[in-house]
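Chemist: Protein chains in written order, with UniProt numbering: chain H, 1 to 431; chain L, 1 to 431.
Note that the Cβ used here is the ideal one computed from N, Cα and C, for glycine as well.
Computed from a predicted model, the values in this text were never measured in an experiment.
Let me begin by handing over the structure; questions about it come next.
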């Protein structure tokens with residue numbers, strides 16, 4: 001976690017207003033930290049838990065951490081002796097935690113607090129809070145996503161990464177071994193562990209150690225290594241009720257014969273392939289493995305009993321469009337991937353981003369203003385002249401979809417891990 | 001193949017009119033045979049060829065042969081020394097055969113003709129055509145489906161079964177070993193081999209013999225064994241272009257890691273399970289294996305690169321409805337299966353057929369007259385009072401679909417193999 005405020009200055013987060021918290025004894029010192037954390041989109045998918053208690057996966061996975069300029073969770077963690085209990089607010093609403101949420105929350109708070117340092121006053125160099133004193137102060141946590149939670153853009157990954165990062169900053173916590181924070185974040189939400197690092201990040205399944213402390217995230221390359229990577233995200237409208245991923249995975253592990261085979265025999269090979277492709281900036285291999293792995297993940301969902309469907313007809317039309325585009329180009333210029341929902345994430349390279357966006361805008365008509373998060377790119381794409389051969393090839397297989405089939409398009413890229421923000425970004429206002 | 005006309009008398013086939021064929025020398029004897037053949041719907045799916053030359057599968061499969069009262073192909077095979085060449089008419093139109101169709105057609109004609117008997121005059125007991133003389137007479141074949149080819153109801157299975165059965169009748173052909181006719185039909189269209197028998201039929205993959213002569217259909221139980229089985233077929237509207245199954249299988253075999261595993265390790269176990277369930281008339285096990293196998297087949301299509309999608313959002317809504325229905329009933333009352341297209345085939349038992357049809361009619365509104373092929377069953381279903389608890393359960397998860405999402409509903413059941421029809425049913429009129 002870097003300590004610079006650069007990111008925040010470029011894109012000051014807009015929260016409606018800080019929550020005013022009335023303190024019973026206003027003079028009691030309050031300790032606070034505010035961070036921003038990214039979401040991430042997996043290329044090699046995580047599906048299936050090896051241990052539901054430790055929240056560990058049956059296979060390795062790998063993702064790209066996305067730029068917080070576009071998608072982020074901002075979290076403030078505060079603690080004070082005057083607080084009576086731990087509390088959590090999400091997007092402005094206090095959360096009444098059920099057993100499952102409470103377990104996740106406690107794993108993060110207790111896990112990071114156990115690694116706390118003494119707090120030393122900057123000026124006097126005196127210890128103002130001893131390591132063990134932190135436990136006597138309840139925490140108040142407020143978190144805010146700058147994108148709709150319901151859009152299904154891995155908001156829990158960003159949210160739990162921000163929770164862990166805010167606690168690390170609050171307690172000035174130190175890892176006893178590399179990846180320990182990610183092992184704690186993983187207990188909040190599996191894929192959150194990958195959001196603690198920037199660039200391409202692997203989650204090693206682990207399992208050699210009995211306490212699963214080896215189930216950790218590990219940076220593969222930072223966000224500067226393959227700077228040309230871009231992501232175009234299509235938020236797809238969904239009329240049907242989705243299966244929660246926790247419940248879905250549970251059913252898949254117990255009923256899908258194909259999932260077991262995938263985890264043991266297919267993923268290990270794909271991890272090697274994709275890490276090599278990333279190191280070599282080989283988009284052809286990267287894109288192919290990414291698409292195949294997304295398809296295989298959804299295949300194992302379908303092989304689940306009862307089957308789970310996350311992709312809908314609109315998602316499938318995006319798949320067709322991407323394959324036609326690549327066939328026309330005689331190279332892979334775009335690679336789709338779908339998480340546990342109908343949204344399409346299209347990876348591409350900077351040089352093809354406008355062409356791809358132009359294609360997207362042609363076949364998934366705009367709903368209205370703000371349809372594309374980046375107005376400059378939108379303008380370029382609207383003015384871009386798609387080659388006649390490409391339009392012809394796509395028209396043979398795809399039709400222009402209805403307005404609203406895609407609700408919004410985010411254009412983004414890779415980015416760094418969590419960022420510490422200044423006190424002026426606090427989501428609390430204590431009075 | 002039975003020789004009784006019973007079936008034909010119950011349900012005289014309606015063809016627009018026999019084709020008038022002008023003979024160059026009207027007095028030359030013409031030999032003809034007309035048969036009707038059924039379609040079949042697989043419970044354990046065939047997907048992937050072991051040999052494209054022999055048209056053999058990578059795994060065993062199993063299907064129910066459907067009643068020809070509802071769905072059938074009728075074929076007349078005629079031969080005469082006065083014909084100048086082999087010709088084929090499908091649904092009234094002469095077919096200009098491409099290389100692939102020609103190969104299939106020739107495999108059937110030459111294969112059955114090689115097993116021909118001498119033709120003996122009924123009255124004089126004289127040989128009128130010797131075994132080898134058949135080769136000197138070109139054949140004219142006319143075939144007619146009583147259901148739309150485009151509906152995707154395994155019309156090629158019924159068609160090639162009818163072709164083979166008509167040739168068997170024409171040449172009075174005799175098998176050298178049980179299943180030999182099915183091995184020939186299989187070269188026309190893989191699943192056609194299963195349509196040569198009634199009831200539940202297995203297709204043994206074979207491969208022990210080098211010429212694949214052991215890749216044959218085998219009756220498991222005839223149509224009387226489990227008379228209570230019913231099928232409700234929802235013909236689902238499809239806006240997208242489908243991948244042909246031959247091309248799809250080819251891509252799946254070369255790209256899907258999951259398909260290989262399925263064929264080797266999952267299907268053999270499922271074949272045992274389903275054959276046992278059928279023997280014991282255990283609908284609970286039969287239904288579960290059927291649904292799981294349909295899902296797994298579509299999962300391997302999705303694991304193909306580029307992926308193949310046959311089920312659409314309407315298909316998936318049927319899956320959801322069936323699971324809600326079974327959960328409500330606390331037993332499996334209906335089991336879906338989907339072939340290489342969006343149509344749903346729902347297996348059920350006679351006692352639940354009206355309830356299931358009532359459910360279908362409630363959530364997939366009628367397009368107009370003739371929406372259900374069986375007007376009596378339709379009437380019963382329209383008058384059937386669905387239990388309030390069931391309606392409530394379904395409404396929580398499913399919505400009433402648009403008119404036209406389902407184009408037609410066939411209610412049918414198991415039935416016998418091909419039937420020889422009388423000369424009055426000939427599709428040719430020679431003048």
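1) Anything in chain H within Cβ reach of residue 319(L), meaning under 9 Å, just list it in chain order.
2) Look up residue 47(L) in the DSSP assignment and say whether it is helix, strand or coil.
3) For residue 80(H) versus residue 136(H), is the C-beta spacing smaller than 8 Å?
4) Along chain H, in chain order, which residues have C-beta atoms closer than 7 Å to that of residue 292(L)?
5) Grouping DSSP H, G and I as helix and E and B as strand, with all else coil, what is residue 93(H)?
6) Would you call the CB atoms of residue 236(H) and residue 342(H) closer than 8 Å?
7) How about residue 143(L): is its Cβ closer than 7 Å to a heavy atom in the ligand FAD?
8) Unbroken beta strand (DSSP E) runs of length 3 or more, entirely within the stretch 137-214 of chain H: which are they?
9) Going by DSSP in three states, residue 244(L) sits in which element: helix, strand or coil?
10) Does the count of Cβ pairs from the stretch 261-279 of chain L and the stretch 82-101 of chain L closer than 8 Å reach three?
11) Touch check for the stretch 408-416 of chain H and the stretch 219-237 of chain H: three-plus C-beta pairs under 8 Å?
12) I'd like to know whether the C-beta of residue 457(L) is nearer than 8 Å to at least one C-beta of chain H.
13) Between which two residues does the alpha helix (DSSP H) holding residue 218(H) run?
14) Hey, is the stretch 204-219 of chain L in contact with the stretch 182-196 of chain L, meaning 3+ C-beta pairs nearer than 8 Å?
15) Cutting at 7 Å between CB atoms, please list the residues of its own chain near residue 382(L), excluding the five before and the five after it.
16) Output the distance between the C-alpha atoms of residue 274(L) and residue 260(L), rounded to the nearest integer angstrom.
17) Using 8 Å as the limit for Cβ to Cβ distance, is residue 266(L) near chain H?
18) Give me the Cβ distance between residue 421(H) and residue 35(H), rounded to the nearest whole Å; I'm assuming they're in contact under 8 Å.
19) If I measure Cβ to Cβ from residue 284(H) and keep anything under 7 Å in the same chain, skipping five residues before and after, which residues do I get?
20) By DSSP, does residue 81(H) sit in helix, in strand, or in coil?
21) Looking only at C-alpha atoms, which of 60(H), 74(H), 68(H) and 55(H) sits nearest to residue 424(H)?
22) What is the residue span of the beta strand (DSSP E) that residue 349(L) lies within?
23) Does residue 269(H) pass the burial test, meaning 16 or more other C-beta atoms within 10 Å, or should it be called exposed?
24) Can you pull the chain H neighbours of residue 298(L), defined as C-beta to C-beta under 7 Å?
25) Quick one: using the 10 Å Cβ neighbour count with 16 as the cut-off for buried, is residue 53(H) buried or exposed?
26) Residue 36(H) bridges to which residues according to DSSP?
27) Are the C-beta atoms of residue 272(H) and some chain L residue less than 8 Å apart?
28) With DSSP as the reference, label residue 224(L) as helix, strand or coil.
29) Could you tell me which residues DSSP puts in a beta bridge with residue 389(L)?
30) If you draw a straight line from the C-alpha of residue 19(H) to the C-alpha of residue 374(H), how long is it?
31) At 8 Å on the CB atoms, spell out the chain H contacts of residue 295(L), in chain order.
32) Could you give the distance in angstroms between the alpha-carbon of residue 243(L) and the alpha-carbon of residue 380(H)?
33) Could you name the residues that DSSP lists as bridge partners for residue 31(H)?
34) I need the straight-line Cα distance from residue 178(L) to residue 347(L), nearest angstrom please.
35) List the whole-angstrom C-beta distance separating residue 195(L) from residue 40(L), where the pair is believed to meet the contact cut-off of C-beta under 8 Å.
Modeler: From the atom records:
1) 306, 307 and 309
2) Three-state result, residue 47(L): coil.
3) no
4) Residues of chain H with a Cβ closer than 7 Å to the Cβ of residue 292(L) are, in chain order, 305.
5) strand
6) yes
7) The model on display carries no ligand, and the ligand FAD is accordingly not part of it.
8) 139-145 and 200-203
9) coil
10) no
11) Flag = yes, the stretch 408-416 of chain H and the stretch 219-237 of chain H touch.
12) As displayed, chain L neither begins before 1 nor continues past 431, which places residue 457(L) out of reach and without an answer.
13) Residue 218(H) -> not in any alpha helix (DSSP H); beta strand (DSSP E) instead, spanning 217-221.
14) yes
15) 361
16) 21 Å
17) Yes, residue 266(L) lies at the interface with chain H (some Cβ there is under 8 Å from its Cβ).
18) Cβ atoms of residue 421(H) and residue 35(H) come within 8 Å of each other, at about 6 Å.
19) 331 and 332
20) coil
21) 74(H)
22) 344-349
23) Flag for residue 269(H) reads exposed.
24) 302
25) exposed
26) 74(H) and 419(H)
27) no
28) coil
29) Bridge partners of residue 389(L): none, in fact.
30) 29 Å
31) 302, 303, 304, 305 and 307
32) So the two alpha carbons sit approximately 35 Å from each other.
33) 79(H)
34) Going from the Cα of residue 178(L) to the Cα of residue 347(L) covers about 29 Å.
35) 5 Å
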